[in-house]
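> Just so you know, we're using our numbering here: the sequence shown kicks off at 7 and counts up by one.
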Amino acid sequence: MAVITISRQFGAGGRTLGGMVAKELDYLFLDDLLIDEISKKAKVSPNWVKSIERTAGGAMSKFISGVLSRGYMERLMGAKGYIDEEIYIELLNEVITKFAEQDDVVIMGRGGQYILSDFKGAYHVLLVAEPESRIQFMQKYYKMNEQQADKAVKQGEKKRTNLYKKLGKKDYDQSQLYHLTMNMSRFTIDEALKQIVTLVTGTCQL
7 MAVITISRQF GAGGRTLGGM VAKELDYLFL DDLLIDEISK KAKVSPNWVK SIERTAGGAM
67 SKFISGVLSR GYMERLMGAK GYIDEEIYIE LLNEVITKFA EQDDVVIMGR GGQYILSDFK
127 GAYHVLLVAE PESRIQFMQK YYKMNEQQAD KAVKQGEKKR TNLYKKLGKK DYDQSQLYHL
187 TMNMSRFTID EALKQIVTLV TGTCQL
């Protein structure tokens, strides 16, 4: 039926909304599943992939890649496989494209709007929100206090910026990349859900 990518400013509710959209449409929700698939292909642990995502483009990742040899890292991680930023990006493209070809999926972040920019049947959604709204969202849905939520939002945005830097992209918040852009400071989660479902089912019925 369709492929949906959801990009978001951290704390705008992307993961929560993505799961709701997938449930409503009976689609497969791809978030941690992407990590699992990449880890299988690279023959490394999911935690290693997560560490690459956390530090992609960052100083620590560059330090590790520049100082530690591949053989040493393999022994250190206790794995026969290997992954670094470049391999991660290659596998990310491969895995996202593979799942998109299977159809009926919601893809959470990770540059899906770029990887599938010309993919037939793909709908790209961007969620933005004021910083205060994102902090409040984290407090409500993740049971954080204000200080914890503020820290999480800042760290999440840094991770997002680093990943797009590795992808060579700077325009990820530009609305022309997307079929639908929503300011979540002005939408409830349920209202946003209806907008996305209407976009996908309405278009597919034409």
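All C-beta atoms, glycine included, are put in the ideal place defined by N, C-alpha and C.
Considering only residues of the region 159-203, which uninterrupted beta strand (DSSP E) runs meet the minimum length of 3 residues and lie entirely inside it, listed in chain order?
Fully enclosed beta strand (DSSP E) runs of 3 or longer: 186-189.
> Start and end of the alpha helix (DSSP H) containing Ala48?
Start at 1 with the first residue of the sequence shown, and residue 48 comes out as number 42. First-last of the alpha helix (DSSP H) with Ala48: 38-48.
> Would Ser13 be called buried (16 or more neighbouring beta carbons within 10 Å of its own) or exposed?
Residue mapping note: residue 13 aligns to position 7 of the sequence shown, counting from 1. Classification for Ser13: buried.
> Quick one: is Lys172 buried, meaning 16 or more other Cβ sit within 10 Å of its Cβ, or exposed?
Sequence index remark: in the sequence shown, residue 172 carries index 166 (1-based). It counts as buried.
> Please look up how many angstroms separate the CB atoms of Thr204 and Val131, rounded, as I've assumed it's under 8 Å.
The residue given as residue 204 occupies position 198 in the sequence shown. The residue given as residue 131 occupies position 125 in the sequence shown. 12 Å between Cβ atoms; not a contact.
> Secondary structure at Ser51, three-state DSSP: helix, strand or coil?
Your numbering for residue 51 matches position 45 in the sequence shown. Correct three-state label for Ser51: coil.
> Drop a sphere of 10 angstroms on the beta-carbon of Met144, count the other beta-carbons inside from all chains shown, and report buried for 16 or more, exposed for fewer.
The residue labelled residue 144 in the question sits at position 138 within the sequence shown. Per the 10 Å Cβ criterion, buried.
> Quick one: what does DSSP say Ala128 is sitting in, helix, strand or coil?
Mapped onto the sequence shown, residue 128 falls at position 122. Three-state result, Ala128: strand.
> Give a yes or no on whether the minimum CB-CB distance between Thr194 and chain C is below 9 Å.
Here chain C cannot be found, since the structure has a single protein chain.
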